[in-house]
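**Q** Note that the working numbering numbers the sequence shown so that position 302 is 331, with each residue one more than the last.
Where a beta carbon is used, it is the ideal one built from N, C-alpha and C, also for glycine.
Pasting a structure below so you can have a look.
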Amino acid sequence: MSEPPAASPAPQLRDLLSSLPSYQPGRPAGQRPVGAGRGSYKLSSNENPFPPLPGVLAATSRALDELNRYPDMASSRLVAALAERLQVPADHLALGTGSVAVLAQVLAVACDPGDEVVFAWRSFEAYPILTRLAGARALAVPLAAGGRHDLSAMAAAVSARTRVVLVCTPNNPTGPAVHAEELAAFLDRVPTRVVVVLDEAYTEFVRDPGAADALAVYRNHPNVVVLRTFSKAYGLAGLRIGYAVADAPVAEALRKAALPFGVSITAQAAAVASLGEQTALDARVEALVDERTRVVSAVRAQGHDVPDAQGNFWWLSLGTRTAEFAAACESAGVSVRPFGQEGVRVTIGEHEANERVVQVAASFAPVR
Ligand SMILES: *Cc1c(COP(=O)(O)O)cnc(C)c1O
Numbered sequence: 030m031s032e033p034p035a036a037s038p039a040p041q042l043r044d045l046l047s048s049l050p051s052y053q054p055g056r057p058a059g060q061r062p063v064g065a066g067r068g069s070y071k072l073s074s075n076e077n078p079f080p081p082l083p084g085v086l087a088a089t090s091r092a093l094d095e096l097n098r099y100p101d102m103a104s105s106r107l108v109a110a111l112a113e114r115l116q117v118p119a120d121h122l123a124l125g126t127g128s129v130a131v132l133a134q135v136l137a138v139a140c141d142p143g144d145e146v147v148f149a150w151r152s153f154e155a156y157p158i159l160t161r162l163a164g165a166r167a168l169a170v171p172l173a174a175g176g177r178h179d180l181s182a183m184a185a186a187v188s189a190r191t192r193v194v195l196v197c198t199p200n201n202p203t204g205p206a207v208h209a210e211e212l213a214a215f216l217d218r219v220p221t222r223v224v225v226v227l228d229e230a231y232t233e234f235v236r237d238p239g240a241a242d243a244l245a246v247y248r249n250h251p252n253v254v255v256l257r258t259f260s261k262a263y264g265l266a267g268l269r270i271g272y273a274v275a276d277a278p279v280a281e282a283l284r285k286a287a288l289p290f291g292v293s294i295t296a297q298a299a300a301v302a303s304l305g306e307q308t309a310l311d312a313r314v315e316a317l318v319d320e321r322t323r324v325v326s327a328v329r330a331q332g333h334d335v336p337d338a339q340g341n342f343w344w345l346s347l348g349t350r351t352a353e354f355a356a357a358c359e360s361a362g363v364s365v366r367p368f369g370q371e372g373v374r375v376t377i378g379e380h381e382a383n384e385r386v387v388q389v390a391a392s393f394a395p396v397r
């Protein structure tokens, strides 16, 4: 290859990249917090502390026998299993490499440059990044008291340019789930040409009796897309698999926008095997929910104001003391997820890890 001329311009990338925040992952597995002497824990990425469900590793290893083949692009076995489980038609399902990827597919099929995407803020940090990468404008609507979605303000933010509204329930990172009546009132106000995404990454952990049932909502609303994932309750975050449930035309568009052969043979096999382990799944989820109840009560009893926690995590507003709290947890051998000068999100993980964070919280004055 010949030397490029000295003045050759750098490859031209989109201007928006310079202002695009990078997704901040929790501490990578294997990197230990500084206070790791007594064993270290990662409570920064809402991962499941349990290993894969019984039989899942074996099924996944068997799938490796076909490693020289492309995966089944239609993921037929998994789609059939999901359709049966959720009682939805198979053509209402679209898979992706994690529900984050499925969300990118939603934005890709719904947004033209300059269109608007409305979401609550603070919410899942992938929302503004994916929105802007899709060429759309992000309209962030501040959360209401208690870390809840302000659905009435979100409906008011919908304009002629709005193509998608993202509703995160329960909300990552604050915790509360959207309620059935408020969602119904919201959907009555939003034009049916607007796609409404109900991101239910944590649905298995929800115990709020008033929480909306997204699958029931989708059945009456052809503009609603339900996003689910195997990353959280099912503990398959490392394999990257999630899906959407939506009316046939939307689901078909999502399948068109999927990366060809993105969902691996191992992910498909693991997901199918996991769906067959409902009893074991329920037991694990119940254990995490019990632990969540215990931890949140303990931290509230210290005087802290913890919002309703419906996922496998809880939120603590700490304002300017956010970094200090995260550092204190780090010294105790636990990484948590700080967000600027707002607060920390703490995953419900191993009992010992949860306990250490409860102890750190005891030494911090409540922020109101
Ligand atoms: C974790 C999470 C997801 C799912 O991510 P995957 O790509 O499926 O691993 C989606 N939405 C929210 C709000 C999440 O917290």
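(1) Look at F290 and Y70 and say whether their C-beta atoms are less than 8 Å apart.
(2) Under 8 Å, do V219 and V225 count as touching if we go by C-beta distance?
(3) Taking R366 as part of the beta strand (DSSP E), name the residues at either end of that continuous run.
(4) Starting from C140, trace the alpha helix (DSSP H) both ways and give me its first and last residue.
(5) Can you say whether N200 is buried or exposed, counting buried as having 16 or more other CB atoms within 10 angstroms of its CB?
(6) I need the straight-line Cα distance from L96 to I294, nearest angstrom please.
(7) In three-state DSSP terms, what is L172?
(8) Given this structure, state the Cα-to-Cα distance separating P54 from T221, to the nearest angstrom.
(9) Under 8 Å between C-beta atoms, does F354 make it to chain C?
(10) With 16 other CB atoms within 10 Å as the buried threshold, where does Y52 fall?
(11) CA-CA distance, V434 and R190?
(12) Using only alpha-carbon positions, find the residue among D101, R161, L180 that is nearest to L46.
(13) From what residue to what residue does the alpha helix (DSSP H) around L96 run?
(14) What is the rounded straight-line gap between the Cα of F259 and the Cα of R151?
(15) Give the secondary structure of V373 by DSSP, where H, G and I count as helix, E and B as strand, and everything else as coil.
(16) If you reduce the DSSP assignment to three classes, tell me which class L283 lands in.
(17) For D120, I'd like the list of residues in its chain whose CB is within less than 8 Å of its CB, leaving aside the five on either flank, ordered along the chain.
(18) When you compare only the Cα positions, how much space is there between G305 and R91?
(19) Which term fits H380, buried or exposed, when burial requires 16 or more other beta carbons within 10 angstroms of its beta carbon?
(20) Put D228 into one of helix, strand or coil per three-state DSSP.
(21) Going by C-alpha to C-alpha distance, which of A167, N75, F153, V387 sits closest to L464?
(22) For S28, count neighbouring Cβ atoms within 10 angstroms of its own Cβ and tell me buried if that reaches 16, exposed if not.
(23) At a cut-off of 7 Å, would you count S260 as near ligand 1, judging by its Cβ distance to the nearest heavy atom?
(24) Among residues of its own chain, excluding the 5 on either side of G127, which ones have a beta-carbon nearer than 7 Å to its beta-carbon?
(25) Can you tell me whether DSSP reads F354 as helix, strand or coil?
(26) Should A130 be counted as a contact of ligand 1 given a C-beta to heavy atom distance under 7 Å?
(27) Use the C-beta contact count for R385: other C-beta atoms within 10 angstroms, 16 or more gives buried, fewer gives exposed.
(28) Reducing DSSP to helix, strand and coil, say where G271 ends up.
(29) Given a threshold of 16 other Cβ atoms within 10 Å of its Cβ, counted over all protein chains shown, does G125 qualify as buried or as exposed?
(30) Which partner residues of K71 appear in the DSSP bridge assignment?
(31) Between the Cα of A184 and the Cα atoms of A149, R106, V85, which residue gives the shortest distance?
(32) Measuring from the CB of D337, is there a heavy atom of ligand 1 at a distance below 7 Å?
(33) Contact check, V328 vs V387 under 8 Å by CB: the rounded distance?
(34) Can you check DSSP and say which residues form a bridge with V346?
(35) In this structure, does DSSP put E208 in helix, strand or coil?
**A** Let's see:
(1) no
(2) yes
(3) 366-368
(4) From DSSP, C140 is part of no alpha helix (DSSP H); its letter is neither H nor E.
(5) buried
(6) 8 Å
(7) coil
(8) 35 Å
(9) In the structure shown, chain C cannot be found, because there is only a single protein chain.
(10) exposed
(11) The requested residue 434 is not part of the displayed model; the chain covers only 30 to 397.
(12) R161
(13) L96 -> no alpha helix (DSSP H), and no H or E assigned at all.
(14) 23 Å
(15) strand
(16) helix
(17) A277, A280, E281
(18) 16 Å
(19) exposed
(20) strand
(21) A question about residue 464 goes unanswered here, because the residues of the chain that appear run from 30 up to 397.
(22) What is shown of the chain runs 30 to 397, which leaves residue 28 out entirely.
(23) yes
(24) T258, S260, R269, I270, G271
(25) helix
(26) yes
(27) buried
(28) strand
(29) buried
(30) S364
(31) A149
(32) no
(33) 6 Å
(34) The sequence given here places Ser at residue 346; Val does not occur at that position. Note: S346 sits in a beta bridge opposite G372.
(35) The displayed chain sequence assigns His, not Glu, to residue 208. H208 falls in the strand class under three-state DSSP.
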